[in-house]
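Below is one structure, written out as structure tokens; comments come after it.
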Amino acid sequence: MVQWKLVCGLAALAGTAHAMPIKDDINDTPDELTTMDEYFPGHGSYLALDNSPTSATLGIGSVAGEANTQGPYHPGELHADRNTRRLEVTKSTDMKKLETFFGLELETDITKLPTKYQHDPIPWPSSYWPVYADSINYKWAKGKPSPAEKYATAFGHDATTLMDKISAKNGIDSQAKRKKCTGDEECKPLKDGSVCAKRDGAESGYCIPTWFGICHAWAPAAILEAEPACAVERNGTVFEPYDIKALITLAYDGSKIPTIFTGSRFNGNDNAPNNTDQYGRFFDDRRRDVSPGYFHVAVTNIMGRFNHSFVVDITAGNEVWNQPARSYEILRLSWTTPTAAAKKYFDTDKYPFNDAATKIAVVTTRFSWIVESGVNGPLVSTGIVDKYTTSADYEYILETDETYQILGGEWLSGSKANHPDFLWLPASKPDNSTVTSVGLVYGEIEALVDESVANAGDCKATAQTTTALPRTTTPGSSTGSAATSTDSSGSAPAPADSTESSGSAPASAGSAESSTEASGSAPAAPPARSTESSTEASGSAPAAPGAESMESSAESSGSAPAAPAVQSTESSGAAPPAEATEAPAAET
613 MVQWKLVCGL
623 AALAGTAHAM
633 PIKDDINDTP
643 DELTTMDEYF
653 PGHGSYLALD
663 NSPTSATLGI
673 GSVAGEANTQ
683 GPYHPGELHA
693 DRNTRRLEVT
703 KSTDMKKLET
713 FFGLELETDI
723 TKLPTKYQHD
733 PIPWPSSYWP
743 VYADSINYKW
753 AKGKPSPAEK
763 YATAFGHDAT
773 TLMDKISAKN
783 GIDSQAKRKK
793 CTGDEECKPL
803 KDGSVCAKRD
813 GAESGYCIPT
823 WFGICHAWAP
833 AAILEAEPAC
843 AVERNGTVFE
853 PYDIKALITL
863 AYDGSKIPTI
873 FTGSRFNGND
883 NAPNNTDQYG
893 RFFDDRRRDV
903 SPGYFHVAVT
913 NIMGRFNHSF
923 VVDITAGNEV
933 WNQPARSYEI
943 LRLSWTTPTA
953 AAKKYFDTDK
963 YPFNDAATKI
973 AVVTTRFSWI
983 VESGVNGPLV
993 STGIVDKYTT
1003 SADYEYILET
1013 DETYQILGGE
1023 WLSGSKANHP
1033 DFLWLPASKP
1043 DNSTVTSVGL
1053 VYGEIEALVD
1063 ESVANAGDCK
1073 ATAQTTTALP
1083 RTTTPGSSTG
1093 SAATSTDSSG
1103 SAPAPADSTE
1113 SSGSAPASAG
1123 SAESSTEASG
1133 SAPAAPPARS
1143 TESSTEASGS
1153 APAAPGAESM
1163 ESSAESSGSA
1173 PAAPAVQSTE
1183 SSGAAPPAEA
1193 TEAPAAET
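The C-terminal position of the sequence shown is numbered 1200 in the working numbering, with every residue numbered one higher than the one before it.
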């Protein structure tokens, strides 16, 4: 019996051996798109040692409603007007990829970056269809065929043949080289979170880590595709919204869409001894290569300026957790000097990382993403999506020059270990004629999506059938993760006696939580450790502090701030005073 522990993992991005400026990652493939195929670095399972990404030439992209006024952009070359910018020497390949895709330069002036944004439409929650549950062969609704069976029946395929192909590519049979087993006890010595996964009707199976799955396909589908809302009948077969989500997700896995992949995946040992330096930073560049500088510039530009969502691996460790981004908000932005930052955060008299830094911004950013869910029916339009949204408060410092251009940064406190590993954008939806290696026709499934969405105003509310899934553990929670969710995220299990549940194992006996809207994946996060927040962040560049200001919130004016008063000794906002010392967070 499958115990559906919905956990989807991936790992980290490379930085530098000393400071963490915005610079080239040693594992970057410059000026290219990365194809989402079996070699995709964001794949939701372990990577083979000889895996290398498949690339394609990167063309110039555009932003809806905005023209490319910079003229032709030749990848690898600097824009003419960039030659006078201090960031020229640290402009990373990842940043150039984003600029090429959007057809616009990234803004790096911290005083001009939007302080909050929520993507509309919100990406939809669903499952990552874990390998150990045999992917979309899993019968999520009790007594009903699986999504794979339904597709075969409706579109004239042999069900057994299709399900065997899916298992061999994305399900249990794909792990036939792993340890054979008949029960979970045989998998425990592996110490990798494996369970004994067996195909329907089989007496034996293989030890498979529960995080293996197709979160790398669900996340882009949730961003690019409209959320299925109504049941659709095709050739006598009824597809529930959850079935359609399963099919469109697997179609993305085999579609080979182009992506803009930034950062590097950490594929090493999470628990290697002596793996941090004297400042608590990982030695392995790949585990810290989404530096705070790049994170801040990327998130505020992609979301705040270009109105796009993206996919993020939310942990820097070995497992991969591909999640679609929902929103961000800068809760705190205060200023200090490099010397003051060195003493307060790194216990040293001189700032040890970047001599070019003349000002230090101390930042707390609340970043929110969508987690997996086992609930059938529309979740975004009904507001249920809020229960499947999780946030983390990332704490970091940003280095700037005299003109407030971001040069780099360092993670602080718990964010040193718990921060995003890599982030990427799907460059396009699959071509309508795409046929995946297992035989799914994207055009047929897209037609189901379209009909499900078109009928949304007429169909009756779909029953909230669930998948009776046990609670899992948030990555990093044991080490003080800042991940939070005010509306418990997608982990509370369905009750064992649910009449709509699938027959997978119910919540563990010790769990005191139950829900008829069980998610089936990323779990509810622990309470926030940070008490710093602001409800006044407006979504545009923060205003400069007043002449006598001791503290100010991230409340913003919506325009570039005036130069700060020289007499201010502490500030929170945009441009700092010349001799600023670090200011406390604004209280709400």
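Note that CB positions come from ideal geometry on N, CA and C, so glycine has one too. This one's a predicted model, so the numbers in the text were calculated from it and none came from an experiment.
In chain order, what residues of the same chain lie with their CB nearer than 6 Å to the CB of residue i, ignoring the 5 residues before and after it?
i, result
"residue 748", "741, 759, 760, 858, 862"
"residue 1042", "867, 869, 1054"
"residue 950", "963, 969, 972"
"residue 830", "738, 740, 861"
"residue 1007", "976, 1024, 1025, 1027"
"residue 1171", "Confidence is the limiting factor: at residue 1171 the pLDDT is only 35, short of 50, which leaves the residue's position unreliable, though a coordinate-based value still follows. For residue 1171, where only same-chain residues beyond five positions count, there are no Cβ hits under 6 Å."
How would you write the range of the beta strand (DSSP E) that residue i sits in, first residue to last?
i, result
"residue 1005", "1001 to 1012"
Please work out which residues of its chain come closer than 7 Å, Cβ to Cβ, to residue i, disregarding the five sequence neighbours upstream and downstream, and give them in chain order.
i, result
"residue 922", "914, 937, 1035, 1036, 1037"
"residue 697", "Because the pLDDT at residue 697 is just 24, under 50, the model does not fix this residue reliably, and the point stays unresolved."
"residue 1205", "One cannot answer for residue 1205 here, as it falls past the ends of the chain, which runs 613 to 1200."
"residue 833", "860, 861, 864"
"residue 1045", "1055"
"residue 1051", "769, 774, 777"
"residue 1058", "1044"
"residue 1049", "781, 866"
According to the Cβ coordinates, are residue i and residue j closer than 8 Å?
i, j, result
"residue 828", "residue 648", "yes"
"residue 799", "residue 816", "no"
"residue 925", "residue 1033", "yes"
"residue 988", "residue 654", "no"
"residue 788", "residue 774", "no"
"residue 739", "residue 984", "yes"
"residue 852", "residue 843", "yes"
"residue 735", "residue 912", "no"
"residue 941", "residue 978", "yes"
"residue 811", "residue 746", "yes"
"residue 1061", "residue 733", "no"
"residue 856", "residue 1064", "yes"
"residue 917", "residue 719", "yes"
"residue 980", "residue 994", "no"
"residue 906", "residue 807", "no"
"residue 710", "residue 910", "yes"
"residue 781", "residue 818", "no"
"residue 1067", "residue 927", "no"
"residue 731", "residue 903", "no"
"residue 982", "residue 1000", "yes"
"residue 766", "residue 849", "yes"
"residue 804", "residue 821", "yes"
Using a Cβ-Cβ cut-off of 8 Å (strictly less than) and excluding sequence neighbours within five positions of residue i, which residues of its own chain qualify?
i, result
"residue 968", "698, 1011, 1013, 1019"
"residue 776", "785"
"residue 953", "963, 972, 974, 1009, 1194"
"residue 755", "none"
"residue 1070", "842"
"residue 960", "954"
Opposite residue i in the DSSP bridges: which residues?
i, result
"residue 871", "646, 1038"
"residue 818", "792, 809"
"residue 945", "975"
"residue 850", "845"
"residue 721", "1017"
"residue 982", "1001"
"residue 939", "730, 980"
"residue 1053", "1047"
"residue 1022", "1009"
Just to confirm the assignment, what range does the alpha helix (DSSP H) spanning residue i have?
i, result
"residue 830", "827 to 836"
"residue 716", "It is not in any alpha helix (DSSP H) - residue 716 carries neither H nor E in the DSSP assignment."
"residue 774", "771 to 782"
"residue 763", "759 to 766"
"residue 952", "950 to 958"
Fully enclosed by the segment 908 to 933, which beta strand (DSSP E) runs are 3 residues long or longer?
-> 923 to 925
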